[in-house]
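The next block holds one structure in the form of structure tokens; read it before the comments.
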Amino acid sequence: MSKQVVQPRIRGFISLTAHPDGCAANVREQVAAIRAAGLQGHIGVALVIGSSTGYGLSSALAATFGYGAKTLGVCFEKEPADDKTGTAGWYNVAEARRLAAAEGLTYETINADAFSDEAKEQVVEALRRIGPVDMLVYSLAAPRRREPDGTVWTSALKPIGAPYQGRAFDLRSEAVVDTALDVATDEEIEATIKVMGGEDWRHWVYQLRGEGLLAPGARTVAYSYIGPEVTAPIYRRGTIGAAKEHLERTGVQLHETLSQAGDGGGAWVSVNKSVVTQASAAIPAVPLYLSAVYKVMKAQGLHEGTTEQIVRLFRDHIGPGRTPTLDDARRIRLDDLEMSAEVQAAVERVWDTITTENLAETTDYAGYKADFHRLFGFGVVGVDYDAPTEVMRSIS
Ligand code: NAD
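The following block contains the structure:
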């Protein structure tokens, strides 16, 4: 037992602390929204890779509390130790498990490196007990990948073909700055594809299939992003975009295999909208773009977070009995509202006028910052941040 007063210790795009009660309140709010959505049908077993924060957390919560699935999550979080808090994902998972247990639902977590053979073996062992997978969600956002032979691939966020010069937001000084990024080398492109492309997703699918742990009609989905022209040089046309193209091609190949039986099974990539997560905060220009697009989408009544996006994904596309609607490249497009001509034109109109001084008026930086703090459980209404709280919480 270790009670502490937990305060934020923000360093750029990360907080070194996380508030257990704030994270728990965030999870309860997501569960309430999922319940309110009234999702129809039942999912037997869900496996979510990258289950503790962002899109993966919302997916795991939707499967469990929206469809009554027995859910197994894989994540890579730090547990609380000595005088240090755990990471936000740790506390999210602890609360999800607590809520599920209170209702007799299954919500188990394996906290391990998803790229490793050991994690895959642990999952196989757990699924032999829980049952074969009906829904596999692949939602990893990782900075590096260690292969079983010891090779380490480190992803890069760099442009391809030409250096990048453009506007960005320095989260430390809260200033709009000009950034310059060098062209990625071939090695950096390859490494980023290794980390964020489709290879590991394919490994998961084939390993589970080989073990007889994919249920008849099993479905799998992985998440991608396209985004606007203002972030394209470093996102879609950059190293991470090359990895996403690989992921999307992998989805097409996996679909050929999983749809063969004609029992509703298949593989899809869902292109989701940009939202504030730990992963997106680390990408140059994205925090500034998010602040701008949040203002536009909130003004037009179109704002969505991860929960709303995932509810839409399951309800309209990949949930029980649903047939996904796809674009020409076989992708589900949950970014339809963000990418609409009206929204993008409004962002472009403001983009070149944003300065440090007018940030508060030209963008929804306040909304961005509040969401960013909430990722770590801070700024949540109803939480007493002056009171000591138990930081040692269990996920199993
Ligand atoms: P996130 O940072 O919130 O979540 C990443 C998850 O991966 C966490 O659960 C973390 O514990 C887990 N993880 C990281 N490394 C791991 C490892 N080695 N082993 C096991 N688990 C590991 O990220 P997110 O923004 O929700 O991104 C999830 C996916 O959604 C990514 O593919 C991302 O590209 C995609 N996406 C994100 C956005 C966005 O704006 N955030 C938009 C569209 C698509």
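Going by our numbering, the first residue of the sequence shown is number 9, and it counts up by one from there. Built from N, CA and C at the ideal position, the CB exists for glycine as well.
For residue i, I'd like the list of residues in its chain whose CB is within less than 6 Å of its CB, leaving aside the five on either flank, ordered along the chain.
{"i": "His325", "result": "Pro332 and Ile340"}
{"i": "Val13", "result": "Pro396"}
{"i": "Leu367", "result": "Tyr373"}
{"i": "Thr363", "result": "Val184"}
{"i": "Tyr231", "result": "Tyr63, Ser147, Ser278 and Asn280"}
{"i": "Asp208", "result": "Phe123"}
{"i": "Ala41", "result": "Thr315"}
{"i": "Ala149", "result": "Ala287"}
{"i": "Pro241", "result": "Pro167 and Tyr172"}
{"i": "Ala275", "result": "Thr228, Gly259, Leu262, His263 and Leu266"}
{"i": "Gly206", "result": "His254, Leu255 and Thr258"}
{"i": "Lys252", "result": "Ser232"}
Tell me the rounded alpha-carbon separation between residue i and residue j.
{"i": "Val185", "j": "Pro167", "result": "18 Å"}
{"i": "Thr61", "j": "Ala293", "result": "21 Å"}
{"i": "Gly246", "j": "Leu165", "result": "7 Å"}
{"i": "Glu116", "j": "Thr371", "result": "40 Å"}
{"i": "Gly273", "j": "Val141", "result": "11 Å"}
{"i": "Gly327", "j": "Ser67", "result": "11 Å"}
{"i": "Glu178", "j": "Gly375", "result": "Here the sequence assigns Asp to residue 178, which means Glu is not the residue at that position. Computed Cα separation, rounded: 16 Å."}
{"i": "Gly259", "j": "Lys11", "result": "46 Å"}
{"i": "Glu198", "j": "Asp379", "result": "33 Å"}
{"i": "Asn119", "j": "Glu365", "result": "43 Å"}
{"i": "Ala32", "j": "Arg257", "result": "37 Å"}
{"i": "Met143", "j": "Leu221", "result": "11 Å"}
{"i": "Asp121", "j": "Ala127", "result": "6 Å"}
{"i": "Ser288", "j": "Tyr233", "result": "11 Å"}
{"i": "His27", "j": "Met204", "result": "29 Å"}
{"i": "Leu334", "j": "Gly225", "result": "19 Å"}
{"i": "Ala290", "j": "Leu296", "result": "11 Å"}
{"i": "Ala300", "j": "Leu135", "result": "43 Å"}
{"i": "Asp271", "j": "Glu369", "result": "52 Å"}
{"i": "Ala44", "j": "Asp194", "result": "48 Å"}
{"i": "Phe386", "j": "Gly30", "result": "6 Å"}
{"i": "Met347", "j": "Ser59", "result": "26 Å"}
{"i": "Leu24", "j": "Asp394", "result": "18 Å"}
{"i": "Val389", "j": "Pro16", "result": "15 Å"}
{"i": "Phe84", "j": "Glu237", "result": "32 Å"}
Mapping the DSSP letters down to three states, classify residue i as helix, strand or coil.
{"i": "Ser181", "result": "coil"}
{"i": "Arg217", "result": "helix"}
{"i": "Ile403", "result": "coil"}
{"i": "Arg153", "result": "strand"}
{"i": "Ala102", "result": "helix"}
{"i": "Met347", "result": "coil"}
{"i": "Gly259", "result": "helix"}
{"i": "Ser232", "result": "strand"}
{"i": "Val131", "result": "helix"}
{"i": "Pro224", "result": "strand"}
{"i": "Gln48", "result": "coil"}
{"i": "Pro167", "result": "strand"}
{"i": "Gly30", "result": "helix"}
{"i": "Val283", "result": "coil"}
{"i": "Ser147", "result": "coil"}
{"i": "Gln12", "result": "strand"}
{"i": "Gly375", "result": "helix"}
{"i": "Val277", "result": "strand"}
{"i": "Glu365", "result": "coil"}
{"i": "Arg210", "result": "helix"}
{"i": "Ala205", "result": "Position check: residue 205 holds Gly in this sequence, whereas Ala was assumed. Looking at Gly205 - three-state DSSP - the assignment turns out to be coil, as it is neither helix nor strand."}
Can you give me the Cβ contacts of residue i inside the same chain, cut-off strictly under 7 Å, excluding the 5 residues immediately before and after it?
{"i": "His50", "result": "Tyr75, Gly76 and Pro328"}
{"i": "Arg330", "result": "Asp324"}
{"i": "Ala250", "result": "Ile168, Ile197, Thr200 and Ile201"}
For residue i, which residues of its own chain have a beta-carbon under 8 Å away from its beta-carbon, when the five flanking residues on both sides are left out?
{"i": "Ile138", "result": "Val53, Lys78, Leu80, Thr114 and Glu116"}
{"i": "Val191", "result": "Lys166, Pro167, Ile168, Gly169, Ala170 and Pro171"}
{"i": "Thr187", "result": "Tyr172, Gln173, Gly174, Arg175, Ala176, Pro292 and Ala293"}
{"i": "Leu47", "result": "Ala70, Gly74, Tyr75, Val319, Phe322, Arg323 and Gly327"}
For chain B, find out if any of its Cβ atoms is closer than 7 Å to the Cβ of residue i; answer yes or no.
{"i": "Ala134", "result": "The structure shown contains no chain B, having only a single protein chain."}
Spell out a yes or no on whether the stretch 264 to 278 and the stretch 147 to 160 are touching, meaning 3 or more CB-CB pairs, one atom from each, closer than 8 Å. no
Quick check: the stretch 280 to 295 against the stretch 310 to 319, are at least 3 beta-carbon pairs closer than 8 Å? yes
Taking contact to mean 3 or more Cβ pairs, one atom from each stretch, closer than 8 Å, check whether the stretch 298 to 307 and the stretch 353 to 363 are in contact. yes
Sufficient close CB pairs (3 or more, under 8 Å) joining the stretch 47 to 54 to the stretch 70 to 87: yes
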